[in-house]
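Protein chains in written order, with the working numbering: chain A, 1 to 372; chain B, 373 to 461. Have a look at the structure below, then the notes.
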Amino acid sequence: MSDRVLVATRKGLFDFRRVSAGGVSTWEHAGVSFVGEPVTIVLPDDRDGTIYAALNLGHFGVKLHRSFDGGTSFEEIAVPRYPEKPAGSDDPTPWSLQQLWSLEPGGVDEPGVLWAGTIPGGLFRSPDRGERWELVTSLWERPDRLEWTGGGYDHPGIHSICVDPRDPRRVAIGVSIGGVWLTEDGGRTWEPRSKGMFAVYVPPDLRETPNAQDPHRLIQCRASPEVFWVQHHNGVFRSTDGAATWVEIADRPPSAFGFAAATHPHDPDTAWFAPAVTDECRVPVDGRVVVARTRDGGRSFDVLREGLPQSHAYDLVYRHGLAVDETGDRLVMGSTTGSLWVSEDQGDSWECVSTHLPPIDAVRFRSVGSPA
Amino acid sequence: MANIQFTPSLRRHLGVSTIEVPGGTVRSVLDALFETDARLRGYILDDQGALRKHVAVFVDGRRIANRTDLSDRVRDASEVYVLQALSGG
C-alpha cells in the first residue's frame, strides 16, 4: 500500500501521510511546498524516488522543480522550451510553453527518462531527469496537428501519457482536443488511435474525425496494457486491443460526463470515474458526490457514496484528481472545492481527509518502497 | 549605466536585486541582465523571446511600446522597472 499522497493544488503542493496509532489509522497533513503558487502536476517517480512538481506562475511562466530528498527541498530545473516559430508559419498556435499538464516516467529500464505533455500541444522527452528536454518533432510537425483545438483552455494540450509497461517505446497520449495518438517506436512515428470514438459536439459528418475527439483522460491497465479506458467529453470508451478500436460504454450512472478516470493496476475490468452533470453544468448530479465503479469491463456500475457528501455538494474532480495505488485497493480523490478523500476498500467507503485545501489539480500516491 | 529594479514577487523567486547595465535597447539591457542569471530569461520572456503576457517593463516612467522586439531605447541614465501586470485571483 502507498501511505503517502501528494496533492497538487492552485496554491501549493500538499503532503499527506497515513499514520497508525493504537490500532487506528488516519491521514494527516505532513507538509506543504510552494505555498501560494499554482502547482499543475506532480510526479513521484517510484523508479528512483525523485519528486517532480510543475508550477504555473501567473506572471513568470511555467517552472519545474525536482526533489531528491522526498520533498523536503526542491531545486528548479529546466522546463520544456518550444523552438523558434518559423517565419511565415500559418500555425495559429503560440509556440510557447503555457502549462505542464502531464508528467510521466519512461520505462522501468529507462532510468531518468521522462515524458511531459504540455499546452499548447507539444510532447517533450527528457533523457536525464529533467536536465534537458527535447520536443517530439515527429508529432509537433505533423500537418494534422493544426487540427487540434483548445477545450476549456485556449489552446490544445496533452494531459495523458501512457507508457506501456511491456515496451516503453509504445506510448499513447490523450489530447484535448485532438484524440488519442500512439507511437510504437519511441516517438519516431505516430498514428491516431480513436477508431470507434465519436464526438457529439461537432457537425454530424465530423463525428468520427480523430482530431475532433476530446478524451478528458486516457488510462491504461498496468497488468493488461492492451486495455485502455477513456473518460471522453461525451461518455466513456474502452479499448481491449491496444487502442486500435474503441467501444462506447453507454449509460454510465449517474451521468456520462466527467473528467477523471482510474483503472485497477491488475484487473482490466475494474475502473473508477467521477461523474458530473453535463458539459454545461459541471457539478455533481443532485449535489451528491459519487464515484462510479465497474468491475465487469463497463457492463455494469456501482455508484459509491459512503463517506462522500450527499447534499448540496458542488465538488468537481479534475482529470488528474483521482488516483489508485499499486495494490488497487486504495484510492485518493480531490476536488476543485478543496476536498480530499481516501478509500481503503476500492471505493466502497471514503474517509474525508480535508475540506479546506485550495482547488485540487492532481493527486498521486507515492510508493512506500520509493528510495529517498 | 541604466539601473534595473524588480518587482518584489520576482525577487521572491530568484533573489535578484537592483542591477546596473549599459544602456541601448530593452533587448540589449535584458540580455545583459540574463548574463548575470540565466534563469531570469524564462521568468521575463516567453519561448519566442517576447515579454511575458503578464510582465510589464517601464523605462523612465513609460511602459515600453514594443513587447515583441523589445526595441525601445534605454539611455545610460535610465531607470528600468521589471514589474508584474495585475491579474488573477
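For glycine and all other residues, C-beta sits at the position ideal for the given N, C-alpha and C.
Check: Is N375(B) helix, strand or coil by DSSP?
Finding: As a working mapping, residue 375(B) is identified with position 3 in the second sequence. Looking at N375(B) - three-state DSSP - the assignment turns out to be strand.
Check: Hey, would you say P358(A) sits closer than 8 Å to T9(A), going by beta carbons?
Finding: Taking the first sequence and counting its residues from 1, the one referred to as residue 358(A) is at position 358. Taking the first sequence and counting its residues from 1, the one referred to as residue 9(A) is at position 9. Result yes, Cβ atoms of P358(A) and T9(A) sit closer than 8 Å.
Next item on the list: Check the Cβ of G61(A) against every Cβ in chain B and list those closer than 8 Å, keeping chain order.
Entry: Position 61 of the first sequence holds residue 61(A). What G61(A) touches in chain B: G414, Y415, D418, R424.
Next item on the list: Could you tell me whether any Cβ in chain B is nearer than 8 Å to the Cβ of Y52(A)?
Entry: Counting from 1 along the first sequence, the entry for residue 52(A) is found at position 52. Cβ-Cβ to chain B under 8 Å: no for Y52(A).
Notebook entry, point to check: chain A partners of L442(B), CB-CB under 8 Å?
Noted result: As a first step, residue 442(B) is located in the second sequence; it is residue number 70 there, counting from the start. Correct list: empty, because the minimum Cβ distance to chain A is about 15 Å.
Next item on the list: In angstroms with no decimal places, state the Cα-to-Cα distance between I158(A) and G298(A).
Entry: As a first step, residue 158(A) must be located in the first sequence, where it is residue number 158. As a first step, residue 298(A) must be located in the first sequence, where it is residue number 298. Cα to Cα, I158(A) sits roughly 25 Å from G298(A).
Next item on the list: Pick helix, strand or coil for T137(A), following the three-state DSSP scheme.
Entry: In the first sequence, residue 137(A) corresponds to position 137, counting from 1. In this structure, T137(A) counts as helix in the three-state DSSP scheme.
Notebook entry, point to check: Is the Cβ of L405(B) closer than 8 Å to any Cβ of chain A?
Noted result: As a working note, residue 405(B) is residue 33 in the second sequence. Output row for L405(B): interface = no.
Notebook entry, point to check: Are A404(B) and V393(B) close, meaning C-beta to C-beta below 8 Å?
Noted result: Translated into positions along the second sequence, residue 404(B) becomes position 32. Translated into positions along the second sequence, residue 393(B) becomes position 21. Contact flag set, yes.
Checklist line | Test: V427(B) CB closer than 8 Å to a CB of chain A | finding: Taking the first residue of the second sequence as position 1, residue 427(B) is located at position 55. So yes, V427(B) belongs to the interface.
Notebook entry, point to check: Taking the alpha-carbon positions, what's the R17(A) to G23(A) distance?
Noted result: By one-based count along the first sequence, residue 17(A) stands at place 17. By one-based count along the first sequence, residue 23(A) stands at place 23. Those two C-alpha atoms are separated by around 16 Å.
Check: What are the boundary residues of the beta strand (DSSP E) that T408(B) is part of?
Finding: Against the second sequence, residue 408(B) aligns to sequence position 36. That residue, T408(B), is in no beta strand (DSSP E); its alpha helix (DSSP H) goes 398 to 408.
Margin query: Please report the straight-line C-alpha distance between A362(A) and D448(B), rounded to a whole angstrom.
Written below: The count along the first sequence starts at 1 and reaches residue 362(A) at position 362. The count along the second sequence starts at 1 and reaches residue 448(B) at position 76. Roughly 48 Å separates the two Cα atoms.
Item checked: Residue environment, N234(A), which counts as buried when at least 16 other CB atoms sit within 10 Å -> As a working mapping, residue 234(A) is identified with position 234 in the first sequence. Answer is buried; the Cβ neighbour count reaches 16.
Check: Any contact of the region 374 to 386 of chain B with the region 24 to 32 of chain A, i.e. 3+ C-beta pairs under 8 Å?
Finding: no
Notebook entry, point to check: DSSP beta-bridge partners for K425(B)?
Noted result: Residue numbering aside, residue 425(B) sits at position 53 when the second sequence is read from its first letter. Answer by DSSP bridge pairing: none, since K425(B) is not bridged.
Check: Taking Cβ to Cβ, would you say F34(A) is nearer than 8 Å to A53(A)?
Finding: Here residue 34(A) refers to the residue found at position 34 of the first sequence. Here residue 53(A) refers to the residue found at position 53 of the first sequence. Yes, the Cβ-Cβ distance between F34(A) and A53(A) is below 8 Å.
Note to self: Let's test the definition: count the other Cβ atoms within 10 Å of the Cβ of V42(A) and tell me whether it reaches 16, buried, or not, exposed.
What the structure shows: Your numbering for residue 42(A) matches position 42 in the first sequence. The residue is buried, with at least 16 neighbouring Cβ atoms inside 10 Å.
Next item on the list: Take the Cβ of P204(A) as the centre, count every other Cβ of all protein chains shown within 10 Å, and call the residue buried at 16 or more, exposed below.
Entry: Your numbering for residue 204(A) matches position 204 in the first sequence. Classification for P204(A): exposed.
Checklist line | When R366(A), E306(A), P156(A) are compared against W350(A), the one with the closest alpha-carbon | finding: As a first step, residue 350(A) is located in the first sequence; it is residue number 350 there, counting from the start. Checked all of R366(A), E306(A), P156(A); the closest Cα to W350(A) is E306(A).
Next item on the list: Go ahead and pull the three-state DSSP assignment for I219(A).
Entry: Your numbering for residue 219(A) matches position 219 in the first sequence. Of the three classes helix, strand and coil, the one that applies to I219(A) here is strand, per DSSP.
Notebook entry, point to check: Are L439(A) and L322(A) touching if we call contact CB-CB under 8 Å?
Noted result: Any property of residue 439(A) remains undetermined from this structure, which presents chain A solely from 1 to 372.
Notebook entry, point to check: With respect to the alpha helix (DSSP H) encompassing I416(B), which residues constitute its N-terminal and C-terminal limits?
Noted result: Within the second sequence, the letter at position 44 stands for residue 416(B). First-last of the alpha helix (DSSP H) with I416(B): 411 to 416.
Margin query: So, under 8 Å CB-CB, P422(B) and R439(B) are touching, yes? Tell me the CB distance rounded to an integer number of Å.
Written below: Numbered from 1 along the second sequence, position 50 holds the residue referred to as residue 422(B). Numbered from 1 along the second sequence, position 67 holds the residue referred to as residue 439(B). Residue 422(B) is actually Ala in this sequence, not Pro. Right, the Cβ-Cβ distance comes to about 6 Å (below 8 Å), so this counts as a contact.
Check: What span of residues does the beta strand (DSSP E) with P105(A) cover, start to end?
Finding: Here the question's residue 105(A) lines up with position 105 in the first sequence. Looking at the DSSP string, the run of the beta strand (DSSP E) that includes P105(A) is 99 to 105.
Next item on the list: Compute the Euclidean distance between the alpha carbons of V175(A) and M373(B), then round it to the nearest angstrom.
Entry: Numbered from 1 along the first sequence, position 175 holds the residue referred to as residue 175(A). Numbered from 1 along the second sequence, position 1 holds the residue referred to as residue 373(B). Distance between the alpha carbons of V175(A) and M373(B): 49 Å.
Margin query: Distance cutoff 8 Å, beta carbons only. Does S389(B) sit that close to anything in chain A?
Written below: For the purposes of this step, residue 389(B) is identified with residue 17 of the second sequence, where counting begins at 1. Not closer than 8 Å to any Cβ of chain A, the Cβ of S389(B) fails to qualify, so no.
Next item on the list: Tell whether a beta-carbon distance below 8 Å holds between T336(A) and Y318(A).
Entry: On the first sequence, residue 336(A) is found 336 positions in, with the first residue counted as 1. On the first sequence, residue 318(A) is found 318 positions in, with the first residue counted as 1. Yes, Cβ-Cβ distance for T336(A) and Y318(A) is below 8 Å.
Margin query: With distance defined between alpha-carbon atoms, name the residue in T183(A), L97(A), P215(A) nearest to G196(A).
Written below: Within the first sequence, numbered from 1, the residue matching residue 196(A) stands at position 196. Nearest C-alpha to G196(A): P215(A).
Margin query: At the 8 Å Cβ level, is S381(B) part of the contact set with chain A, yes or no?
Written below: If you number the second sequence from 1, residue 381(B) lands on position 9. Output row for S381(B): interface = yes.
Check: DSSP beta-bridge partners for K63(A)?
Finding: Mapped onto the first sequence, residue 63(A) falls at position 63. L55(A), per the DSSP bridge assignment.
Note to self: Am I right that W229(A) and A274(A) are in contact with their C-beta atoms under 8 Å? What's the rounded C-beta distance?
What the structure shows: The count along the first sequence starts at 1 and reaches residue 229(A) at position 229. The count along the first sequence starts at 1 and reaches residue 274(A) at position 274. That belief does not hold up - the Cβ atoms of W229(A) and A274(A) are roughly 13 Å apart, past 8 Å.
Checklist line | Minimum length 4: unbroken alpha helix (DSSP H) runs contained in the region 171 to 205 of chain A | finding: none
Notebook entry, point to check: Hey, is Y153(A)'s beta-carbon within less than 8 Å of any beta-carbon in chain B?
Noted result: Taking the first residue of the first sequence as 1, we reach residue 153(A) at position 153. Closer than 8 Å: no.
Item checked: Integer-rounded CB distance, given that A292(A) should sit under 8 Å from P284(A) -> Counting from 1 along the first sequence, the entry for residue 284(A) is found at position 284. Counting from 1 along the first sequence, the entry for residue 292(A) is found at position 292. Actually they do not touch by this definition, with Cβ atoms about 11 Å apart.
Check: In this structure, what does DSSP give as the bridge partners for A8(A)?
Finding: Here residue 8(A) corresponds to residue number 8 of the first sequence, with the count starting at 1. Its beta-bridge partners are L13(A), A362(A).
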